[in-house]
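K.L.:
Numbering (my numbering), first residue to last: 19 to 809.
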């Protein structure tokens, strides 16, 4: 059962007709549970015993089983009502659904004599509900007007003005109606002018509809060239520009008729002063070979008109006919013109229009009229329905949509997602795969609702695979819960690992810094800090986790000690680990055994250790970690034989896709060339080649955001200029290296650069200070080497 209050009062599925009990029931449905005493004083204020009158009317409602619940001193209605459903639709922005329920004024035709208080409540409620119905009509009228669907827009505008139970239109409503009807010859425009005059309002001069034909030149030419007797079918979703195309045909001698439902052949009535009485009469009208007829909206035509046009398509009676529809051809025709979103080329005369609208004609019309496309998009999605809006926004939040994850995130069935996506695709808003066509207004719409968007990202993150989930976890960071930690950390770890493998260790470190700090995340973050040249931060991370005794942390501790210049402690850990480790850890230990030998100048031993390290990493399937040992093995053998080894091409091909390893290789190549030529007469071309290689390496280190390695490379460039006697250029690169080493916190490189600058400037004081600086930070061996070489 259901209480029906619009256009009268009754109970659906029952013959109950007592007006006073039904009025009482309507009051309870709208106002919620009420005290008995209040109901009695409101409904029967003049009765000898108001409470008794209330009790009798509640007894009269008992045939409506379960309609009313009496508990103590309160009374509550349990029966659903059309007013409740109407308001639910209005609040959920479903105006079309709301208006199917609004069949007349609230409690219209009630014959009871009501006391003043109850009458005031009824009239106020009637007016409030009518205003909501008018607002729904105005919403739909504005929607259809923006899409150039003038017939529907005018129909809703007229219904808005004449909404049953509504008071006269207020100024805001009059202005909105005038925007829609003012440019037309609709009879209601005279009434709007009169109402505005009565209120002392000045309505603006009606602006002509701005629906320019853009990007449809080929379609317009094809239709204009149709010979007599041919039928063309123009298909596309609502808002794609079908009506605008027909409006352009009107300027080329075509008769344009909008679809009319209702009586048979209603759409074709305007072709004759006497309405056609049969399909034969209509076909006779279509025999005129001079007639060019454009019919808008196949789906809204009556069945008889559709049957007549189908017969005309088979007979080719003489007239040239164009029919628009939302679906592909429903009748035999050789001329099908599907309309799609406009391309960037179509909109070349309107810079920025394609980026702002994705070429969707409805959004384009708003853009050209100065209305933000995201508002038009939002209104359009709201009219399509809540599932369409949720799915669109979830797809818009993904760079590459994952339909399975999206379905799970929205908790929708597969059938619902398929049907909803099909509608969005037919509307020209998405591709069948879920990609967004109008990406710019979609992003603007997401930005306009940050809290909703964050929640969308959280649901997507929880259902995306770990290899695509991290961007969503990051966008939903403020909403993480403790239960999210394992999935979130795994997604961050995978994402950062890929960033490192592409040569962006600094990015990887930033990713892992904001991720949940599991052991796996902190370990990878340590390696990212080392690859990114943040050696002190890596050492600090190791010290913060010095209670960990796992070999993985020992490997990271060895690396941190080495790159921070703590060579003795590093060598102690390396020797201790050599006989205790296996797998990847063995590869790391062998690598740093080679690195310690390399820095002592024992290149042959270093070469062997680097080769072993590489082979270990390859044997455990870690191709990425095997790259740097290959680079260092090549460097060691090249320095040993004092020329570039023949394996250069193989090494370069293996590391060219990773900025970090490629930068290390180039820096080492320049160092090898410099060592090979330092004691002979070096040509300018050779020096230029060395400098170019160093500079390319520095640029790659900058791209990796590794300031420490970039500083070391600039220092090497300074050394080359210093050796050539080009002191100004040397000072330039030494100072660049000094700034970067200060910024990175790399004290080793900082001390070397200060020493080089002191020699360049002949400052024994600066050199002595830099030497003491190196010794104070444990670089005693380095200080002795610098003092010996003075460079």
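Cβ atoms here follow ideal geometry from the backbone N, Cα and C, with glycine treated the same way. Just so you know, these numbers come straight off a predicted model, no measurement behind them.
For residue 431 and residue 514, I'd like the C-alpha separation in whole angstroms.
P.N.:
33 angstroms
K.L.:
Tell me which residues share the same chain as residue 312 and place their Cβ nearer than 6 angstroms to its Cβ, disregarding the 5 neighbours each side in the sequence.
P.N.:
264, 267, 272, 274 and 340
K.L.:
Is DSSP giving residue 782 helix, strand or coil here?
P.N.:
Residue placement at residue 782 is flagged as unreliable, the pLDDT there being 48, under the threshold of 50; the coordinate-derived value follows with that caveat. Correct three-state label for residue 782: helix.
K.L.:
How about the segment 19 to 26 and the segment 116 to 129: do they share at least three Cβ pairs that are nearer than 8 angstroms?
P.N.:
yes
K.L.:
If I follow the unbroken beta strand (DSSP E) through residue 30, where does it start and stop?
P.N.:
If you look at residue 30, you'll find it in the beta strand (DSSP E) that goes 28 to 30.
K.L.:
Which stretch, first to last residue, makes up the beta strand (DSSP E) that contains residue 89?
P.N.:
Taken as a continuous stretch (DSSP letters only), the beta strand (DSSP E) holding residue 89 covers 86 to 89.
K.L.:
Can you tell me whether DSSP reads residue 274 as helix, strand or coil?
P.N.:
strand
K.L.:
Since residue 314 sits in a beta bridge, which residues does DSSP pair it with?
P.N.:
276
K.L.:
For residue 111, which residues in the same chain have their Cβ closer than 6 angstroms to its Cβ, ignoring the five residues on either side in sequence?
P.N.:
400
K.L.:
With DSSP collapsed to three states, give me the class of residue 124.
P.N.:
strand
K.L.:
So for residue 225, helix, strand or coil by DSSP?
P.N.:
Unreliable positioning characterises residue 225 in this predicted model, as indicated by a pLDDT of 47, which lies under 50. A coordinate reading is not provided.
K.L.:
Mind checking who residue 93 pairs with in its DSSP beta bridge?
P.N.:
52 and 88
K.L.:
For residue 643, does the three-state DSSP call read helix, strand or coil?
P.N.:
coil
K.L.:
Give me the Cα-Cα distance between residue 617 and residue 535, rounded to the nearest whole angstrom.
P.N.:
One C-alpha to the other measures close to 34 angstroms.
K.L.:
For the segment 647 to 659 and the segment 628 to 639, state whether three or more C-beta atom pairs, one from each stretch, are separated by less than 8 angstroms.
P.N.:
They touch, by the three-pair rule.
K.L.:
Which whole-angstrom value is the C-beta distance of residue 283 and residue 300, which I expect to be below 8 angstroms?
P.N.:
The distance from the Cβ of residue 283 to that of residue 300 is about 5 angstroms, consistent with a contact at the 8 angstroms cut-off.
K.L.:
Measure the C-alpha to C-alpha separation of residue 783 and residue 749 and round it to an integer number of angstroms.
P.N.:
In this prediction, residue 783 has a pLDDT of 43, which is less than 50 and means its spatial position is unreliable; what the coordinates show is noted afterwards. Using only the alpha carbons, I get a separation of about 18 angstroms.
K.L.:
Shortest alpha-carbon distance to residue 620 belongs to which of 582, 634 and 659?
P.N.:
659
K.L.:
Distance, Cα to Cα, residue 189 vs residue 139?
P.N.:
Taking the straight line from one Cα to the other gives about 25 angstroms.
K.L.:
Taking DSSP as the reference, what is the three-state secondary structure of residue 22?
P.N.:
Three-state result, residue 22: strand.
K.L.:
Looking at the structure shown, is residue 815 part of a helix, part of a strand, or coil, going by DSSP?
P.N.:
In the structure as shown, the chain starts at 19 and stops at 809, and residue 815 therefore has no counterpart that could be examined.
K.L.:
Below 8 angstroms, how does it come out for the segment 548 to 563 and the segment 715 to 728: are there three or more Cβ pairs, yes or no?
P.N.:
yes
K.L.:
To the nearest angstrom, how far is it from the Cα of residue 721 to the Cα of residue 512?
P.N.:
21 angstroms
K.L.:
Could you pull out every residue in the same chain whose Cβ sits closer than 6 angstroms to the Cβ of residue 228, ignoring the five residues on either side in sequence?
P.N.:
Annotation note: pLDDT 45 at residue 228 (below 50); position unreliable, coordinate value reported separately. Excluding the 5 residues flanking it on each side, residue 228 has same chain C-beta neighbours closer than 6 angstroms at 387, in chain order.
K.L.:
Have a look at the DSSP bridge pairing and note the partners of residue 338.
P.N.:
310
K.L.:
Would you call the segment 33 to 42 and the segment 71 to 83 in contact, with 3 or more CB pairs under 8 angstroms?
P.N.:
yes
K.L.:
In terms of residue numbering, what span does the beta strand (DSSP E) encompassing residue 759 cover?
P.N.:
Run containing residue 759: none in the beta strand (DSSP E); it sits in the alpha helix (DSSP H), 745 to 762.
K.L.:
Locate the alpha helix (DSSP H) running through residue 545, then write down its first and last residues.
P.N.:
537 to 549
K.L.:
From residue 255 to residue 396, what distance separates their C-alpha atoms?
P.N.:
17 angstroms
K.L.:
CB-CB under 7 angstroms to residue 345, same chain, minus the five flanking residues each way: which ones, in chain order?
P.N.:
253
K.L.:
Return the CA-CA distance between residue 595 and residue 611, expressed in angstroms with no decimal places.
P.N.:
11 angstroms
K.L.:
Considering only residues of the same chain and omitting the five flanking positions on each side of residue 614, which have a CB-CB separation below 6 angstroms?
P.N.:
589
K.L.:
Could you check which residue in 308, 404 and 417 has the C-alpha nearest to that of residue 434?
P.N.:
Minimum Cα-Cα distance from residue 434 among the listed residues 308, 404 and 417 corresponds to 404.
K.L.:
According to DSSP, simplified to helix, strand and coil, what is residue 513?
P.N.:
Of the three classes helix, strand and coil, the one that applies to residue 513 here is helix, per DSSP.
K.L.:
Beta-carbon separation of residue 812 and residue 355 under 9 angstroms?
P.N.:
The requested residue 812 does not occur in the structure, where the chain is confined to residues 19 to 809.
K.L.:
Tell me whether the beta-carbon of residue 192 lies closer than 9 angstroms to the beta-carbon of residue 219.
P.N.:
yes
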